[in-house]
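Each remark here refers to the structure printed beneath this line.
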Ligand code: F6P
């Protein structure tokens with residue numbers, strides 16, 4: 056049996072393009088630094104009862120940079136839930152941590168690289184507090200982690216949503232319809248904002264900006280008067296209705312009823328526009344299409360850099376850190392600083408300002424007012 060030092064890796068939370076690229080990068084870099092790599096299956100679940108893992112090497116990770124999903128599997132359910140709502144922490148059962156400690160010992164793990172979003176990294180944070188060496192890698196299509204400009208997966212999700220909007224545009228224009236597109240993102244509007252601007256949407260509804268149906272309908276009518284008898288409305292799944300309610304599917308689930316399943320706002324918005332304007336409106340929910348398929352070149356690049364820098368942190372024994380991207384450099388921050396703070400779209404950020412200058416409506420102003428609200432002159 057080999058006596059090489061070992062590093063573990065797991066992928067946790069919702070899958071997204073780029074996970075396999077991180078795994079490959081960690082395996083290639085670790086091998087070169089003389090480590091053996093243990094890949095745990097189904098996220099943190101693979102650490103216990105009994106541990107479920109595979110040894111990863113250059114051969115069984117060959118060519119996976121371009122493949123979506125994760126060869127290790129993942130889950131956003133199960134025993135290891137450390138977040139309720141947006142930022143409330145749930146303390147892990149100490150018996151779970153003891154089992155994980157045993158796995159570290161039995162498999163001679165020097166460190167564990169945890170690839171996940173805010174909830175998954177909040178688990179890693181608690182391992183670190185219990186003295187188990189961890190390194191974090193930020194993953195989420197939602198791009199809602201505050202300590203990094205980008206998590207990998209986001210660019211691929213935006214590419215998918217933009218492509219979908221391009222396709223819906225042709226029906227919108229041919230049939231003079233309003234097309235409502237619901238995109239993912241949980242409580243952050245990054246996907247909606249980026250895909251909406253890139254796809255040429257007329258209206259974008261975000262969790263960060265309160266909006267009214269009156270303003271949305273006025274924008275559509277204004278376009279009609281201009282001879283543009285079609286509109287694309289992009290709605291983030293986590294945008295609140297004018298009364299403040301979220302649209303969800305079913306009841307909260309998971310440990311301590313921690314998870315709400317967002318979804319359905321696109322249809323609610325479509326029906327209300329149809330009712331108010333008495334015209335044909337169709338809605339499309341992009342759902343998990345946004346998490347599938349091969350990663351874009353940007354996500355492959357980011358995931359590869361994250362994987363290599365995570366190995367650097369292990370080699371330098373800088374545990375408890377999460378790699379992050381502050382363009383143009385990859386650096387790291389303590390995991391405890393990175394988690395629990397949602398990164399949302401700044402209401403007056405440059406992307407919002409550019410969109411307003413172009414006449415894109417966020418539903419908070421009547422069309423004529425939005426240029427004045429910019430305050431550029
Ligand atoms: O966090 C990623 C994400 O895709 C969110 O955008 C979405 O709300 C959620 O996961 C969906 O989760 P599930 O795969 O459990 O339906």
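Numbering (the numbering used here), first residue to last: 56 to 432. The beta carbon of each residue, even a glycine, is placed where N, CA and C say it ideally should be. Values in this document were obtained by computation on a predicted structure and should not be read as measured data.
Distance between residue 348 and residue 92 (C-alpha atoms, nearest Å): 26 Å
Same chain, Cβ closer than 6 Å to residue 123, neighbours up to 5 away in sequence not counted: 72, 347, 348 and 349
First through last residue of the alpha helix (DSSP H) which encompasses residue 365: 352-370
C-beta contact flag for residue 433 and residue 176 at 8 Å: Lying outside 56 to 432, the shown extent of the chain, residue 433 is not represented and no answer is given.
Cα-Cα separation, residue 314 to residue 194: 18 Å
Proximity below 8 Å, CB of residue 362 to CB of residue 77: yes
Residue 235 in three-state terms, based on DSSP: strand
Per-residue DSSP class, three states only, for residue 383: coil
Test item: CB-CB of residue 329 and residue 336 under 8 Å: yes
Residue span of the beta strand (DSSP E) that contains residue 411, given as start and end: Per DSSP, residue 411 belongs to no beta strand (DSSP E); it is in the alpha helix (DSSP H), 405-412.
Closest residue to residue 372 among 183, 217 and 141 (Cα-Cα distance): 183
Coarse secondary structure for residue 169, derived from DSSP in three states: strand
Per-residue burial, residue 345 [other beta carbons within 10 Å of its own, 16 or more giving buried]: buried
Nearest-angstrom beta carbon gap, residue 96 and residue 69 [assumed within contact, 8 Å]: So it is not a contact: roughly 16 Å between Cβ atoms.
CA-to-CA distance, residue 165 to residue 367, given in whole angstroms: 13 Å
Terminal residues of the beta strand (DSSP E) in which residue 287 lies: 286-291
Backbone CA spacing between residue 420 and residue 270 [nearest angstrom]: 6 Å
Check whether residue 100 and residue 130 have beta carbons under 8 Å apart: yes
Neighbourhood of residue 277 by C-beta distance below 8 Å, restricted to the same chain and skipping five residues each side: 422
Simplified DSSP assignment, three categories, for residue 90: coil
CB-CB length for residue 294 against residue 400, believed under 8 Å: Contact flag wrong, Cβ pair sits at about 11 Å.
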